[in-house]
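Here the sequence shown stands for residues 664 to 819, numbered as in the working numbering. See below for the structure under consideration.
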Amino acid sequence: PVLNCRTLDEVKKLYKNLALQHHPDRPGGNTEVMQRINAEYKSIIDDPVFKFTEQSNQDKEDYFKFPDIINQIIHFDITIEICGSWIWLSGNTRKYRKQLKEIGFFYAPKKKMWYWRPSDYKSANRKPRSMEYIRFKYGSDVIDKQEKQQIESSKI
């Protein structure tokens with residue numbers, strides 16, 4: 664499947680789906696498989712095909728954090744949505760607020776959602792943007808509770 668990825672965003676989406684299936688904290692997960700997935704992810708983002716080497720050190724650091732962040736939240740009973748390079752969380756996030764803050768998420772009170780962004784990706788435009796606008800502009804990949812359950816039940 665990795666051979667079909669042409670962008671870093673496609674690699675990140677594939678990583679997220681594989682992490683949902685194989686993370687050791689999830690039912691049926693396997694530490695050895697997850698370690699191989701993490702190693703493959705690292706080797707892919709180091710590949711000059713993606714011009715990752717031309718990015719700043721901070722960008723590289725943020726891409727390396729991405730799998731760690733997904734691994735830390737994958738077992739939470741929340742909706743995970745990736746819009747561009749940002750991770751948005753919705754659902755019953757209140758019970759996870761301390762963990763989310765520790766991981767590096769911020770709360771967006773107007774949207775009533777938590778978000779993580781690469782450190783240098785602050786919004787240059789101070790005009791508030793709706794989630795619909797963000798989804799339209801940057802695309803959206805959502806994994807909700809029902810989708811997580813389908814992935815778990817397909818392992819049986």
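Think of the CB as a built atom: it goes at the ideal place given N, C-alpha and C, for glycine as much as any other residue. These numbers were taken from a predicted model, which means no experiment stands behind them.
- Task: Going by CA-CA distance only, name the one from Ile700, Cys746, Glu795 that's closest to Ser803.
- Result: Here residue 803 corresponds to residue number 140 of the sequence shown, with the count starting at 1. If we check each option's Cα against that of Ser803, Cys746 comes out closest.
- Task: Please check the pair Pro687 and Met697, which I expect to be a contact at CB under 8 Å, by giving their CB distance rounded to whole angstroms.
- Result: Numbered from 1 along the sequence shown, position 24 holds the residue referred to as residue 687. Numbered from 1 along the sequence shown, position 34 holds the residue referred to as residue 697. The pair is a contact, with the Cβ atoms about 6 Å apart (cut-off 8 Å).
- Message: Let's see if you can read the secondary structure: which residues bound the beta strand (DSSP E) around Phe769?
- Response: Numbered from its first residue, the sequence shown carries residue 769 at position 106. Segment 769–771, the beta strand (DSSP E) holding Phe769.
- Query: Contact check, Glu744 vs Val805 under 8 Å by CB: the rounded distance?
  - Reply: As a working note, residue 744 is residue 81 in the sequence shown. As a working note, residue 805 is residue 142 in the sequence shown. That belief holds up - the Cβ atoms of Glu744 and Val805 are roughly 5 Å apart, short of 8 Å.
- So, are the CB atoms of Ile700 and Leu671 less than 8 Å apart? As a working note, residue 700 is residue 37 in the sequence shown. As a working note, residue 671 is residue 8 in the sequence shown. No, Cβ-Cβ distance for Ile700 and Leu671 is not below 8 Å.
- So, do the segment 732–740 and the segment 790–800 have three or more beta carbon pairs nearer to each other than 8 Å? no
- Message: So, for Tyr801: in the same chain, excluding its five sequence neighbours on each side, which residues have a beta-carbon less than 7 Å away from its beta-carbon?
- Response: The residue given as residue 801 occupies position 138 in the sequence shown. Here the set comprises Cys746, Gly747.
- Item | Delimiting residues of the beta strand (DSSP E) encompassing Tyr801 | Here residue 801 refers to the residue found at position 138 of the sequence shown. Careful: Tyr801 lies outside any beta strand (DSSP E), inside the alpha helix (DSSP H) at 794–801.
- Query: What are the start and end residues of the alpha helix (DSSP H) that includes Leu756?
  - Reply: Start at 1 with the first residue of the sequence shown, and residue 756 comes out as number 93. What sits at residue 756 in the sequence shown is Thr, not Leu. No alpha helix (DSSP H) contains Thr756, which DSSP labels as neither H nor E.
- Task: Tell me whether Thr694 is buried or exposed, calling it buried when 16 or more other Cβ atoms sit within 10 Å of its Cβ.
- Result: To locate residue 694, count along the sequence shown from 1; it is residue 31. Label assigned to Thr694: exposed.
- Expressed to the nearest angstrom, what Euclidean distance is found between the alpha-carbon atoms of Tyr778 and Leu683? The residue labelled residue 778 in the question sits at position 115 within the sequence shown. The residue labelled residue 683 in the question sits at position 20 within the sequence shown. Rounded to the nearest angstrom, the two C-alpha atoms are 19 Å apart.
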